[in-house]
Ligand code: ADP
Ligand code: ASP
Ligand code: MG
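Residue numbers (our numbering): 2 to 424.
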């Protein structure tokens, strides 16, 4: 007997019928004698619809009201899941963020979980009741509802698992694990039986939306055993791990030490809708980068890749960086305003939306030279032009034209020997 937190994503709870299918996985775990808490997302498409409505009501809406509207999707599925579980003979009760409570900061729309009081959940476990908790939302110090940012239910689930000291947190989704690349891009993607927290963190930050970044950070910090598996697997099938032993079918996200065979490259990721912004002929002096990126940080704009050229005559330089397309207009406006305020001098701003960032990730890169070079070669062989490059200990990323994005992913996937030969 153990304690398990299970989370169902949007596609897994898209209809009442699917909620029933998901509930059978909960029933299997309860029947096996486990204490189970459930975290649910909104039905797929619901959150997009709610966000659309708020934007339609007003582009410049109050973030507190955005949260009031957008958090409602999860309330529906939590209630429905509790109803369905009860009908299956499993006593169950739904909880919204404030009822647990899941305490967050007051950054509406992108709140961070500060604390989860486990008392109420422990009480339900003791009574043999399965609590079903709304993902994606919490409560601010002001008492108002907050949301955690898109994909946030993963983070809710891991945070609940940490708070109740669960033995496992199972993320049920529409794929049966974490793959070497998005299986929608290539059928040759291979499921990984294990992936390290570090690699998963990089993959999530670089575009693999199978897990929200913060959920991985939190699992790593609190040592939560995290698995990714499919809701659409037969709930009554024997529970066999990919290595053939009894366990969770799917992918385990774990410490690097648990992984015997370390791949040089374990995954390839793609992030689309990246804007490239260049400031030309920036007057080069100490503090200029701090002024430029300070102006963006003041607007809470997250900058990703940054390149600064060496100035030929020591007086001016070009600085290029990327931001998500959604932040492009805000970023350009902030730069112009800071320039006009005399914070730095430049000749002109050039920008383009719609770039694609393709990355290769692997802990084995730490000890292997030449991964970046081989990546550039593989792309050159397909005549794909590289616009920007960034590297870190376990990843190399390039910005390329979106037209070649999927070709690049497939080429790199093959180049690093990741293709599933049976596909
Ligand atoms: P949920 O609604 O269950 O949270 P998401 O849509 O957020 O599901 O995440 C699952 C999706 O992530 C998959 O359908 C898949 O297309 C995508 N994905 C991207 N990269 C990967 C990867 N490396 N492995 C598995 N899935 C991936
Ligand atoms: N429903 C929210 C979203 O679509 C949270 C989640 O599904 O994780 O972003
Ligand atoms: Mg998700």
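Note that CB positions come from ideal geometry on N, CA and C, so glycine has one too.
Asked	Found
Span separating the alpha-carbon of residue 342 from that of residue 276	24 Å
Any non-hydrogen atom of the ligand MG closer than 7 Å to residue 210 Cβ	yes
Sequence-distant residues of the same chain with beta carbon closer than 8 Å to residue 333, five excluded per side	278, 350 and 352
N- and C-terminal bounds of the alpha helix (DSSP H) containing residue 28	17 to 32
Proximity of residue 282 and residue 348 at Cβ, strictly below 8 Å	yes
Host alpha helix (DSSP H) of residue 156 (start-end)	154 to 164
Cβ-Cβ distance between residue 323 and residue 309 below 8 Å	no
Any non-hydrogen atom of the ligand MG within 7 Å of residue 155 CB	yes
Beta-carbon contacts of residue 354 that lie in its chain and below 8 Å, excluding the five residues immediately before and after	274, 276, 326 and 329
Test: residue 249 CB closer than 8 Å to a CB of chain C	Although the question refers to chain C, the structure presented lacks it and comprises just one protein chain.
Limits of the unbroken alpha helix (DSSP H) element including residue 76	73 to 88
Three-way DSSP call (helix, strand, coil) for residue 36 in this model	strand
Range covered by the beta strand (DSSP E) that runs through residue 185	Taken as a continuous stretch (DSSP letters only), residue 185 belongs to no beta strand (DSSP E), as it is neither H nor E.
Bridge partners - residue 196, DSSP secondary structure assignment	254
Under 8 Å between C-beta atoms of residue 196 and residue 206	no
Three-way DSSP call (helix, strand, coil) for residue 297 in this model	helix
Close-in-space but distant-in-sequence residues of the same chain around residue 405 (CB under 6 Å, 5 per side omitted)	385
Beta-carbon proximity check, residue 10 vs residue 154, cutoff 8 Å	yes
Uninterrupted beta strand (DSSP E) stretches inside the stretch 213 to 251 (no shorter than 3 residues)	227 to 231
Segment limits, alpha helix (DSSP H) that includes residue 126	120 to 128
Close Cβ partners of residue 81 (< 7 Å) along its chain, the five nearest in sequence each way excluded	17 and 20
Residue(s) in a DSSP beta bridge with residue 9	41 and 173
Member of 192, 238, 237 and 262 whose CA lies at the smallest distance from the CA of residue 228	192
Beta carbon of residue 331 nearer than 8 Å to that of residue 361	no
Inter-residue CB distance, residue 115 and residue 104 (contact presumed, cutoff 8 Å)	5 Å
Per-residue burial, residue 34 [other beta carbons within 10 Å of its own, 16 or more giving buried]	exposed
Proximity test, residue 235 beta-carbon vs the ligand ADP heavy atom, cut-off 7 Å	no
Close Cβ partners of residue 170 (< 6 Å) along its chain, the five nearest in sequence each way excluded	6, 158, 159, 162, 225 and 227
Whole-angstrom distance between residue 24 and residue 239, CA atom to CA atom	17 Å
Proximity below 8 Å, CB of residue 186 to CB of residue 271	yes
Meets three-Cβ-pair contact criterion under 8 Å: the stretch 45 to 59 and the stretch 71 to 86	yes
Inter-residue spacing [alpha-carbon to alpha-carbon] between residue 428 and residue 65	Nothing can be reported for residue 428: it is not among the residues displayed for the chain, which extend from 2 to 424.
DSSP-derived helix/strand/coil call for residue 363	coil
Given residue 235 as reference, the closest of 14, 366 and 177 once Cα atoms are compared	177
Proximity to residue 139 [Cα-Cα], best of 202, 68 and 131	68
Check whether residue 422 and residue 232 have beta carbons under 8 Å apart	no
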